[in-house]
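Numbering (the numbering used here), first residue to last: 734 to 1146.
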C-alpha cells in the first residue's frame, strides 16, 4: 500500500484523529484538573483504588476481539463472531464481579462503601467493549472522522455535565464514576448507527475459532499490559497509602492524558495503516531512525529540568492547587515513562500488524518483573518520586525488548 490514494487516506485519517482527539484530550485534561481541584485528594484516591481494582479484574479477560474486526475489515462473519465472544466475556466478568462484591458484603469489609461505585465503573468498562467493536469496521476503512467526532461529543458532554454537578450539587466519588458510564453510553448511542456491519451474534464455530485464534496472542499481550500498568498502580497504592496514592494517581492521569494526544492515533490510525501497508517492517525501520533520537533527547532535557529544579512542583501547583504540589516530584520519572510509552506503542502495533506479537509479550513480561522488583524499594528510597522512577525503569526495558527484534527483521524485508 504505497499509492497516492493510500497516502491521502492516511493523511486524512491522521488529520481527523489528531485534531478531534486533541480537542477530546484537552477536554479530558481539563476535566482531570477541574475534578482534582473540586473533589480533593481523598475522593480521587478512592476513585483510583476502585479503578485499579476493576482493571485487575479485567486482567485475565481482555482479549481484544475488536482487533480481529479491524484486521479482517468488512467481514460480517468475523464481526458477528467477535460480538458473540464479547457477550460471553461480559457475562464472565459480571459473574466474577458479583462473587467479589458478595464476599466484600458478607465479610463486612471496610471497603463496602466502594461497592456501588465499583459496580458503576465496571458497567462503563463492559460498555466500552461494545463501543470499540462498534467502530472497528470504521477503523479498518480509515473512517476516523466519524470515530473522532463521536468520541469528542461523548467525552465533551459527559465531562461538562458532571463538572456542573460537582460545582452546584455534589462533590462525591459518584461524580467521577457516573461521568465514566455517561461517556460510555453516549459513545455507544452515537456510534452504533454509524457501524457499517450488522449487530448480530455469530454462531458458526469456524468463525468463532478464527477470531479466538487471532485474539489469543493479543490476550497474552493485553494481560501482561494491564498487569504491568495496574500492577504498577497497585504496588504504589500499597506502598504509598491512600492520600499519597491519590496524588500519584492524579499526576499520572495528567501525564497519561497528555501522551494520549499521540498514543490514540498510534493505536488506531497508525495500526490500520500498517495493516494495509506492503513493507511494514521497512517502514518501521524508517520511522525508528527518524523519530527515536529526537524524542529521547527532548525527554532527557525535561527529565533534567524536573530533576534539578522545582519546576514540577510549580506546574502541579498551578494546575491542581497547593494540595497536590507534592506530586511535582513525579514529573521527572514520568517524563522518561511517557517517552518510553510512545516508542513502545509504535512497536506494539507493528508487532500486531505483522503477526509478530511475541516480542511485545516478552517485553511486557520483562517490564512486569522490573516493576515487581523496583516499585517498593524505589519508594522506600526516594519517596513518592520513586514510584515514577520505577515506572520509567520498567518502560525502558519494555521498549528495548519490543523494538530491537522488529528493527533487525526490517533489514531483510
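C-beta atoms are modelled at their ideal positions from N, C-alpha and C, and glycine is treated no differently.
Whole-angstrom distance between residue j and residue i, CA atom to CA atom
i: residue 983; j: residue 1091; result: 32 Å
i: residue 1053; j: residue 759; result: 15 Å
i: residue 1116; j: residue 930; result: 51 Å
i: residue 795; j: residue 965; result: 18 Å
i: residue 1082; j: residue 1124; result: 21 Å
i: residue 786; j: residue 963; result: 8 Å
i: residue 761; j: residue 768; result: 10 Å
i: residue 1133; j: residue 1028; result: 15 Å
i: residue 1061; j: residue 830; result: 36 Å
i: residue 950; j: residue 986; result: 28 Å
i: residue 935; j: residue 1070; result: 41 Å
i: residue 933; j: residue 868; result: 15 Å
i: residue 1131; j: residue 1122; result: 14 Å
i: residue 763; j: residue 1139; result: 37 Å
i: residue 938; j: residue 990; result: 40 Å
i: residue 1073; j: residue 969; result: 19 Å
i: residue 1144; j: residue 1015; result: 7 Å
i: residue 852; j: residue 788; result: 13 Å
i: residue 996; j: residue 946; result: 26 Å
i: residue 1021; j: residue 881; result: 27 Å
i: residue 1141; j: residue 849; result: 50 Å
i: residue 812; j: residue 832; result: 31 Å
i: residue 998; j: residue 1030; result: 22 Å
i: residue 828; j: residue 836; result: 12 Å
i: residue 1068; j: residue 1034; result: 9 Å
i: residue 1017; j: residue 1011; result: 12 Å
i: residue 889; j: residue 755; result: 12 Å
i: residue 1063; j: residue 1026; result: 24 Å
Cβ shell of residue i (< 6 Å), same chain only, five flanking positions each side left out
i: residue 940; result: 810 and 814
i: residue 1106; result: none
i: residue 1038; result: 1044
i: residue 856; result: 914
i: residue 1127; result: 1100, 1103 and 1104
i: residue 1093; result: 954, 1081, 1084 and 1135
Given residue i as reference, the closest of the options once Cα atoms are compared
i: residue 865; options: 910, 903, 901 and 922; result: 922
i: residue 926; options: 863, 990 and 1135; result: 863
i: residue 892; options: 915, 1093 and 832; result: 915
i: residue 854; options: 990, 1070, 1127 and 912; result: 912
i: residue 974; options: 775, 766 and 756; result: 775
i: residue 805; options: 948, 900, 957 and 1035; result: 948
i: residue 823; options: 861, 1094, 1128 and 1135; result: 861
i: residue 771; options: 994, 1075, 1118 and 897; result: 897
i: residue 783; options: 906, 945, 1026 and 887; result: 906
i: residue 1009; options: 1078, 875 and 1077; result: 875
i: residue 1006; options: 1079, 900, 757 and 755; result: 1079
i: residue 1096; options: 879, 900, 835 and 956; result: 956
i: residue 1040; options: 1089, 1118 and 1026; result: 1118
Inter-residue CB distance, residue i and residue j (contact presumed, cutoff 8 Å)
i: residue 826; j: residue 859; result: 6 Å
i: residue 1086; j: residue 1013; result: 6 Å
i: residue 870; j: residue 802; result: 6 Å
i: residue 1047; j: residue 909; result: In fact, because the Cβ distance is near 26 Å, the residues do not count as touching under 8 Å.
i: residue 798; j: residue 819; result: 6 Å
i: residue 680; j: residue 873; result: Residue 680 is absent from the model: the chain starts at 734 and stops at 1146.
i: residue 1059; j: residue 1036; result: Residue 1059 to residue 1036, Cβ: 19 Å. No contact.
i: residue 976; j: residue 807; result: At roughly 51 Å, the Cβ-Cβ gap does not stay under 8 Å, so residue 976 and residue 807 are not in contact.
i: residue 992; j: residue 1075; result: 6 Å
i: residue 885; j: residue 967; result: Not a contact, Cβ separation roughly 32 Å.
Other residues of its chain near residue i: CB distance less than 8 Å, five sequence neighbours each side excluded
i: residue 972; result: 1108, 1109, 1112, 1113 and 1120
i: residue 1057; result: 769, 774, 980, 983, 984, 1049 and 1050
Residue-level contact to chain B via CB, residue i, 9 Å cutoff
i: residue 880; result: Protein chain content of the structure displayed is limited to a single chain, and chain B is not contained in it.
Cβ-based neighbour list, residue i, same chain, cut-off 7 Å, excluding 5 preceding and 5 following
i: residue 887; result: 916, 919, 920 and 923
Entirely within the region 907-943 and at least 4 residues each: give me those alpha helix (DSSP H) ranges in chain order.
-> Complete alpha helix (DSSP H) runs here, min 4: 907-924.
What residue ranges within the region 791-834 form continuous alpha helix (DSSP H) runs of no fewer than 4 residues, ordered along the chain?
-> Unbroken alpha helix (DSSP H) runs of no fewer than 4 residues, entirely contained in the region 791-834, are found at 798-804, following chain order.
Within the region 1034-1075, ranges of the alpha helix (DSSP H) (whole runs, at least 4 residues) = Secondary structure within the region 1034-1075: the alpha helix (DSSP H) runs of 4 or more consecutive residues, fully enclosed, are 1044-1053 (chain order).
Contiguous alpha helix (DSSP H) assignments of at least 4 residues, all confined to the region 1112-1145 | Those alpha helix (DSSP H) runs which fall completely within the region 1112-1145 and span 4+ residues are 1117-1142.
Jot down the residue ranges of each uninterrupted alpha helix (DSSP H) in the region 948-1023, minimum 4 residues, whole runs only, in chain order.
-> For the region 948-1023, whole alpha helix (DSSP H) runs of length 4 or above, ordered along the chain, are 975-998 and 1004-1009.
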